[in-house]
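Numbering (the numbering used here), first residue to last: 12 to 280. Virtual Cβ for every residue (Gly too), placed ideally from N, Cα, C. Since the structure comes first, as structure tokens, the remarks are kept for the end.
Below is the structure:
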């Protein structure tokens with residue numbers, strides 16, 4: 012009815028639509044053109060897609076990308092500026108031990124993350140920031156907000172049909188945190204569903220960049236949830252072999268550290 016002119020939207024409806032489509036009210040009214048520079052969009056996409064595995068050399072490359080993105084900041088729409096703020100906060104939280112950035116962003120979006128039926132790109136980035144700020148010690152403590160975690164996990168597991176193909180990798184990266192958190196707590200409520208969806212996303216997109224991480228999470232699930240050590244050994248070997256095929260010795264070392272921590276056995280191969 013709105014599209015055919017049979018009904019006029021209220022301000023509340025316009026605000027709802029602007030949030031759903033991630034544009035301004037002025038744009039919906041035809042009074043603002045949303046045109047982002049292609050180079051900026053390419054840089055943002057490259058930054059979001061970059062995986063460091065904790066490698067400081069990759070951090071330097073990401074910081075350079077972030078500096079280039081900030082060069083566009085003042086001329087961006089407010090919602091796009093927020094995306095850059097989220098990316099910046101997430102990056103510095105990740106590379107700075109015992110420090111967190113962007114707490115005000117999480118406070119601003121907390122209720123929205125709980126109540127929204129569908130998530131936009133911005134919501135997924137906020138969720139990624141939320142997971143980055145979870146400290147390992149906090150996760151295993153009794154004061155961890157497990158109800159919030161479960162609520163967000165449920166929503167994430169329903170999001171796949173609503174995410175554009177180009178950004179399924181971001182849903183993948185956020186979903187990875189479900190079995191990560193549950194393996195730390197040794198409580199497995201949504202890990203099986205998350206692991207299944209992660210496999211589906213990788214097959215659908217033919218993007219296997221995070222396959223070694225998926226295999227690592229599967230070995231943890233086999234060890235701690237299924238008590239199946241033989242399967243876990245096979246998954247560990249597959250993860251390590253794949254990381255070697257990717258030519259990523261840094262990741263190989265990380266996998267060996269995780270295996271030793273999980274089993275108390277130092278890798279010999």
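What would DSSP say about residue i, mapped onto helix, strand or coil?
i           : result
residue 199 : coil
residue 221 : coil
residue 172 : helix
residue 128 : coil
residue 87  : coil
residue 134 : helix
residue 236 : coil
residue 66  : coil
residue 17  : coil
residue 35  : coil
residue 112 : coil
residue 292 : With the chain covering 12 to 280 only, the question about residue 292 has no answer from this structure.
residue 187 : coil
Measuring CB to CB, does residue i end up less than 8 Å from residue j?
i           : j           : result
residue 139 : residue 101 : yes
residue 208 : residue 166 : no
residue 232 : residue 206 : yes
residue 164 : residue 130 : no
residue 227 : residue 266 : yes
residue 35  : residue 88  : yes
residue 219 : residue 185 : no
residue 182 : residue 135 : yes
residue 28  : residue 39  : yes
residue 76  : residue 92  : no
residue 168 : residue 110 : no
residue 48  : residue 83  : yes
Identify, in the order they occur along the chain, each residue of the same chain with its Cβ nearer than 8 Å to the Cβ of residue i, setting aside the five sequence neighbours on each side.
i           : result
residue 33  : 90, 131, 132, 133
residue 211 : 171
residue 234 : 240, 243, 273, 274
residue 137 : 97, 116, 117, 120, 124
residue 72  : 61
Considering only residues of the same chain and omitting the five flanking positions on each side of residue i, which have a CB-CB separation below 7 Å?
i           : result
residue 197 : 235
residue 162 : 125
Decide yes or no for the touch test of the region 216-224 against the region 245-262: beta carbon pairs closer than 8 Å, at least 3 of them. A contact between stretches requires three or more CB pairs, one per stretch, nearer than 8 Å, and the region 216-224 meets this requirement with the region 245-262.
Tell me, please, whether the region 49-68 touches the region 14-24 by the rule of three or more beta-carbon pairs shorter than 8 Å. Contact between the region 49-68 and the region 14-24 is absent, because fewer than three Cβ pairs lie under 8 Å.
Is the number of C-beta pairs between the region 188-198 and the region 143-158 that are closer than 8 Å three or more? Enough Cβ pairs lie closer than 8 Å, so yes.
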